[in-house]
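2 protein chains.
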Amino acid sequence: MQAPDPFENFLGYHLRRLSVAVMSDLTAALAPLGLKPAEASILYLLKSQPGLTQSEIGKLLGIQRANMAPLIAGLMRRGLVERRSVDGRSQALKLTPAGEKLRAAAWAANAAHESRIFAPLTAPARENLITQLRTLWQPHANN
Amino acid sequence: MQAPDPFENFLGYHLRRLSVAVMSDLTAALAPLGLKPAEASILYLLKSQPGLTQSEIGKLLGIQRANMAPLIAGLMRRGLVERRSVDGRSQALKLTPAGEKLRAAAWAANAAHESRIFAPLTAPARENLITQLRTLWQPHANN
DNA sequence: CATGATTGCTATTGCATATAGCAAATTTAA
DNA sequence: TTAAATTTGCTATATGCAATAGCAATCATG
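Just so you know, the protein sequences line up as chains A and B, in that order. Here the numbering used here is used: position 111 in the first sequence is 111, and no number is missing along the way. One gets the numbering used here by counting positions in the second sequence from 1 and adding 143 to each.
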């Protein structure tokens with residue numbers, strides 16, 4: 001507490017600093033593809049779970065309905081995602097061929113970014129870190 | 144990659160989700176004191192290193208000069224921080240008695256928040272996690 | 001002394017998140 | 001089966017944080 005660094009023992013501080021640095025690097029890595037991190041994660045999700053509605057995507061990613069609307073609109077405008085009406089309200093989403101192509105490129109850029117940032121950790125340390133982080137955030141996801 | 148959760152192996156994703164959850168909880172914990180996380184961290188820093196200028200605080204916290212100005216102005220307006228001119232340009236900052244009182248309350252709220260969030264981890268696991276996070280972000284701090 | 005750097009600041013922008021509210025459609029329950 | 005509650009997609013709007021550009025005053029250096 002009298003130490004020059006009062007944040008020494010605050011996990012939240014280090015978490016925040018790292019998260020900001022990582023997001024900044026990821027944003028730069030995806031920028032050449034014209035994608036923001038949130039958009040890329042939507043493409044990833046639609047690859048593995050085609051047919052999700054935008055509300056479902058929002059719940060999975062922790063993005064609210066109101067904020068999903070312009071995100072999906074942007075992806076549709078660029079021809080990366082297409083809709084199919086399920087009923088009068090909801091619409092199933094899936095990647096277009098262009099969307100799948102861009103998703104693959106984003107995935108590769110994302111993997112390269114991860115290697116760059118987390119190089120200081122051994123593979124087992126990374127696995128362990130992922131497990132710890134997931135254990136900590138999942139109880140707070142309101143899905 | 145075909146798994147239902149494409150983020151399984153992306154450290155950045157879990158980092159982000161946890162950081163958002165933690166910041167949300169911390170913001171709520173500090174709100175009754177009328178402090179935002181960034182303001183509280185400035186108070187912490189001025190407790191352990193009184194006399195810092197706002198530019199120095201910015202470098203330590205990763206906040207730019209332009210964004211420090213309104214933050215410090217707000218703390219001064221509330222009588223939590225006071226200035227002493229070092230020279231015609233820079234001014235040394237320190238906590239007022241009211242500022243120190245509020246800092247102590249914020250510190251306690253922050254510690255309680257940390258206990259709540261990181262309860263699932265053992266003490267050694269927390270220490271290890273902090274070390275890993277710091278190792279990862281410090282190379283990216285441009286100070 | 002002159003040039004360059006530093007400090008604090010304003011103005012503005014972008015982005016992610018949050019709430020409130022709405023209309024249409026669907027589900028449920030009386 | 002009709003009425004009430006819920007769901008979906010959406011608009012509008014507000015906030016917090018970060019980023020850039022630029023400015024005037026001050027200080028440091030050659």
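Beta carbons are placed, not taken as given, at the ideal position from N, Cα and C, and that holds for glycine.
If you ignore the 5 residues before and after LEU189/B, its C-beta comes within less than 8 Å of the C-beta of LEU195, ILE200, VAL224, LEU236, LYS237, LEU238, GLY242, ARG246, all in its own chain and listed in chain order. Counting the other CB atoms within 10 Å of its CB gives VAL229/B a total below 16, which places it among the exposed residues. By DSSP's assignment, GLU82/A forms a beta bridge with LYS94/A. Within the region 10-30 of chain A, contact with chain B at the beta-carbon level (separation under 9 Å) is assigned to PHE10, LEU11, GLY12, TYR13, HIS14, LEU15, ARG16, ARG17, LEU18, SER19, VAL20, ALA21, VAL22, MET23, SER24, ASP25, LEU26. If you look at ASN210/B, you'll find it in the alpha helix (DSSP H) that goes 208-220.
Nearest neighbour of ALA40/A by Cα position, chosen from ARG17/A, ILE72/A, LEU11/A, ARG83/A, turns out to be ILE72/A. A direct Cα-Cα distance of roughly 30 Å separates PRO124/A from GLY205/B.
Counting only runs of 4+ residues, the alpha helix (DSSP H) found wholly inside the region 179-208 of chain B occupies 180-191, 197-204, in chain order. Proximity to PRO149/B across PHE10/A, PRO139/A, ALA111/A peaks at ALA111/A, based on C-alpha coordinates. When the five nearest sequence neighbours on each side are left out, the beta carbons in the same chain lying within less than 8 Å of the beta carbon of ARG83/A are those of MET76, GLN91, ALA92, LEU93, in order along the chain.
By the criterion of a C-beta distance shorter than 7 Å, ALA252/B is surrounded in its chain by ALA172, LEU173, LEU176, once the five residues flanking it on both sides are discounted.
Using a Cβ distance threshold of 8 Å, TYR187/B and TRP280/B do not count as a contacting pair.
If you look at LEU121/A, you'll find it isn't in any alpha helix (DSSP H); DSSP assigns it neither H nor E. The C-beta distance from SER24/A to SER162/B rounds to 13 Å, too long to meet the 8 Å contact threshold. Against chain B, a Cβ distance below 8 Å from GLN132/A picks out LEU264, ALA268, LEU272. Residue contact with chain A for GLY205/B: present (Cβ-Cβ distance below 8 Å to some residue of chain A). Here ASN110/A carries a helix assignment [DSSP, helix/strand/coil].
Between GLY12/A and GLU151/B a beta carbon distance of about 24 Å is seen, past the 8 Å cut, so the two are scored as non-contacting.
Your pair HIS283/B and LEU133/A does not check out as a contact, with CB atoms roughly 18 Å apart and the cut at 8 Å.
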